[in-house]
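In UniProt numbering, the protein residues as written are 1 to 195.
For each residue, glycine too, the CB sits at the ideal point set by N, CA and C.
Small disclaimer: the values here were computed from a predicted structure and weren't measured.
To start, the structure under review is shown below, and the notes come after it.
In structure tokens:
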């Protein structure tokens, strides 16, 4: 492994979606007090959007039948954990009457995982879940905070895309389809919610 590949591997590790969504939620909690009705909303968001998806990695080691599946099994389990987390967050939002803004975040993440499943499994069009999840913080920080914040996210996203391409994890079309999925999910959520 050469130096560029080592750097790319570090970038991929730092830009895993649960880390970026956690950073996004903390920034939104500090900058946009209208989004969260209280610290409980923040913690619920952190657990279901940030922590639940990353549980796939330790779960793969302890769940019977998953350890032998290697990296493909780990990715499948991560997708399952993300789907469960996003669904619970969206249901919590409806039941707890969270702010419209927080429900928009929950709905966008849930719609994105549904669209990714449709693209990857039904249409057989590769769309990167990693790219989709990285695009979420960019959208929400630009929408709720400022374009300056989005510029930082674009820089981080660009580094992550470079790392994915360098490590040959994705093709450029996979990354574009993944990012596009998040934008489409956000637009659908806006329309459904009448915002």
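Tell whether a beta-carbon distance below 8 Å holds between residue 36 and residue 102.
-> Yes, the pair counts as a contact, with Cβ atoms nearer than the cut-off.
Rounded C-alpha distance that separates residue 139 from residue 150 = Whole-angstrom Cα-Cα distance: 7 Å.
Proximity test, Cβ basis, 8 Å: residue 75 and chain D = Chain labels in this structure do not include chain D; a single protein chain is all it has.
Pick from 54, 193 and 195: whose alpha carbon is nearest that of residue 83?
-> Nearest of 54, 193 and 195 to residue 83, Cα basis: 54.
Measure the C-alpha to C-alpha separation of residue 43 and residue 81 and round it to an integer number of angstroms.
-> Cα to Cα, residue 43 sits roughly 17 Å from residue 81.
When we look at the beta-carbon of residue 3 and count the other beta-carbons within 10 Å, is it buried (16 or more) or exposed?
-> A residue is called buried once 16 or more other Cβ atoms fall within 10 Å of its Cβ, and residue 3, having fewer, is exposed.
Which of helix, strand or coil DSSP assigns to residue 107 | In the structure shown, residue 107 adopts helical secondary structure according to DSSP, grouped into three states.
Rounded separation between residue 189 and residue 90 - CA only | Distance between residue 189 and residue 90, taken at the CA atoms: about 12 Å.
Residue 147 to residue 135 span [Cα, whole Å] | In a straight line, the C-alpha of residue 147 is about 14 Å away from that of residue 135.
Between residue 96 and residue 128, which are expected to be in contact by the criterion C-beta below 8 Å, what is the C-beta distance as a whole number of angstroms?
-> That pair is no contact at about 31 Å.
In the region 90-168, which residue ranges form an unbroken alpha helix (DSSP H) of at least 4 residues, counting only runs that do not cross its ends?
-> Entirely contained in the region 90-168, the alpha helix (DSSP H) runs reaching 4 residues are, in chain order, 100-117, 129-144 and 147-166.
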